[in-house]
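In the working numbering, the protein residues as written are 14 to 277.
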């Protein structure tokens, strides 16, 4: 099985991302920062948060679905907020998505929130709502693959906080509620924490090992990310998962995050 985990940055690098996904052709894709604006006729909208302005691919979810037509697609919204078409506000869903090749049986799944709940009336103040999704598939035996997008806290940066501790507990609860004894477990995503964080320690206590720092990779952010601190994304596995190969791709740049690629 080939698994790709990536923060898609709202499709900002759409022209690079889509052909790369077609070429990578993962069996399972765990994708964070997914935009889903099904009624928009525009290709691009704009995200505005103070001085932070970013182009967003309006129908990103549908375009990734079309790129992986043989996959079942699951969109898990965290909030419905406003993107902008010039001066016109456009309601748009934002969250994460999981894509599973149709030949792989999905024998269970769980969806929930690791921080706050569904933001039906806008993105809200930081730290904002964060969702998580887990699927239990059959790949020569049962494997649970869980992803989350960890909360962003402008005041605390990526440091441990009480909210991040609670987030880790919710993520562990989502995994534990789906995985049965003996299942393979893979946990991944843009956790928005540093190596050695309480989040990683809590997942390690679940019997998982972390492959990014274990592999000696220098970080998970591309040159598009200009702030200090190169780690945000992680992929963890338990002993029932046979790791044939793991990589953190610095190039090509398809986001300001690097794709994490696991071959089992």
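Note that the Cβ used here is the ideal one computed from N, Cα and C, for glycine as well.
C-alpha gap between residue 72 and residue 247, whole angstroms: Here residue 72 refers to the residue found at position 59 of the chain shown. Here residue 247 refers to the residue found at position 234 of the chain shown. When rounded, the distance between both Cα atoms is 26 Å.
Inside the stretch 185-240 only - beta strand (DSSP E) runs reaching at least 3 residues: 197-203
Burial state of residue 272 (16 or more Cβ within 10 Å): In the chain shown, counting from the first residue as 1, residue 272 sits at position 259. Buried is the call here.
8 Å contact criterion, which residue 23 and residue 48 should meet: CB distance rounded: Here residue 23 corresponds to residue number 10 of the chain shown, with the count starting at 1. Here residue 48 corresponds to residue number 35 of the chain shown, with the count starting at 1. Indeed, because the Cβ distance is near 5 Å, the residues count as touching under 8 Å.
Where residue 75 sits in the DSSP three-state scheme: To locate residue 75, count along the chain shown from 1; it is residue 62. If DSSP states are grouped into helix, strand and coil, residue 75 belongs with the helices.
Identity of the residue in 251, 33, 35, 45 nearest residue 19 by Cα: What you label residue 19 is simply residue 6 of the chain shown in a count that begins at 1. Looking only at 251, 33, 35, 45, the smallest Cα-Cα distance to residue 19 is reached by 45.
For residue 85, the first and last residue of its enclosing beta strand (DSSP E): Numbered from 1 along the chain shown, position 72 holds the residue referred to as residue 85. Taken as a continuous stretch (DSSP letters only), the beta strand (DSSP E) holding residue 85 covers 84-98.
Residue from 104, 124, 156, 151 whose Cα sits closest to the Cα of residue 143: The sequence position of residue 143 within the chain shown is 130, counting from 1. The shortest Cα separation from residue 143 among 104, 124, 156, 151 belongs to 124.
Those residues which DSSP pairs with residue 252 across a bridge: Position 239 of the chain shown, counted from the first residue, corresponds to residue 252. None, per the DSSP bridge assignment.
Proximity of residue 170 and residue 220 at Cβ, strictly below 9 Å: Within the chain shown, the letter at position 157 stands for residue 170. Within the chain shown, the letter at position 207 stands for residue 220. It is not a contact, given that the beta carbons lie outside the stated cut-off.
Coarse secondary structure for residue 27, derived from DSSP in three states: One-based indexing of the chain shown puts residue 27 at position 14. In this structure, residue 27 counts as helix in the three-state DSSP scheme.
Range covered by the beta strand (DSSP E) that runs through residue 112: Counted from its first residue, the chain shown places residue 112 at position 99. From DSSP, the beta strand (DSSP E) with residue 112 extends over 101-114.
Nearest-angstrom Cβ-Cβ length linking residue 58 and residue 97, presumed shorter than 8 Å: As a first step, residue 58 must be located in the chain shown, where it is residue number 45. As a first step, residue 97 must be located in the chain shown, where it is residue number 84. The Cβ separation is near 6 Å, so the contact holds.
Buried versus exposed, by CB contacts within 10 Å (16 or more), residue 65: As a position in the chain shown, residue 65 is number 52, starting the count at 1. By the 10 Å Cβ count, residue 65 comes out exposed.
Beta-carbon separation (whole angstroms), residue 149 vs residue 191, contact threshold 8 Å: Taking the chain shown and counting its residues from 1, one reaches residue 149 at position 136. Taking the chain shown and counting its residues from 1, one reaches residue 191 at position 178. Confirmed, Cβ separation roughly 5 Å.
Within 9 Å, strictly: CB atoms of residue 155 and residue 203: Reading the chain shown from its first residue, position 142 is the one you call residue 155. Reading the chain shown from its first residue, position 190 is the one you call residue 203. No, the Cβ-Cβ distance between residue 155 and residue 203 is not below 9 Å.
Contact check, residue 85 vs residue 119, beta carbons under 9 Å: Working through the chain shown from its first residue, we reach residue 85 at position 72. Working through the chain shown from its first residue, we reach residue 119 at position 106. Result yes, Cβ atoms of residue 85 and residue 119 sit closer than 9 Å.
Alpha-carbon to alpha-carbon, residue 151 and residue 75: For this step, residue 75 is matched to residue 62 along the chain shown. For this step, residue 151 is matched to residue 138 along the chain shown. Approximately 26 Å, taken between the alpha carbons.
Distance CB(residue 212)-CB(residue 178) smaller than 9 Å: Taking the first residue of the chain shown as 1, we reach residue 212 at position 199. Taking the first residue of the chain shown as 1, we reach residue 178 at position 165. Yes, Cβ-Cβ distance for residue 212 and residue 178 is below 9 Å.
Opposing strand residues paired with residue 273 [DSSP bridges]: Sequence index remark: in the chain shown, residue 273 carries index 260 (1-based). Under DSSP, the beta-bridge partners assigned to residue 273 are 18, 261.
Closer than 9 Å to chain B by CB, residue 168: Absence of chain B from the displayed structure is noted, only one protein chain being present.
Backbone CA spacing between residue 105 and residue 93 [nearest angstrom]: Mapped onto the chain shown, residue 105 falls at position 92. Mapped onto the chain shown, residue 93 falls at position 80. So the alpha carbons of these two residues sit roughly 5 Å apart.
Residue range of the beta strand (DSSP E) that includes residue 118: As a working note, residue 118 is residue 105 in the chain shown. Segment: none, residue 118 is in no beta strand (DSSP E) and carries neither H nor E.
Three-state secondary structure assigned by DSSP to residue 182: In the chain shown, residue 182 corresponds to position 169, counting from 1. Residue 182 falls in the helix class under three-state DSSP.
Test item: CB-CB of residue 198 and residue 173 under 9 Å: Residue 198 sits at position 185 when you count from the first residue of the chain shown. Residue 173 sits at position 160 when you count from the first residue of the chain shown. No; because the gap between Cβ atoms is not below 9 Å, this pair is not in contact.
Uninterrupted beta strand (DSSP E) stretches inside the stretch 146-184 (no shorter than 3 residues): 155-162
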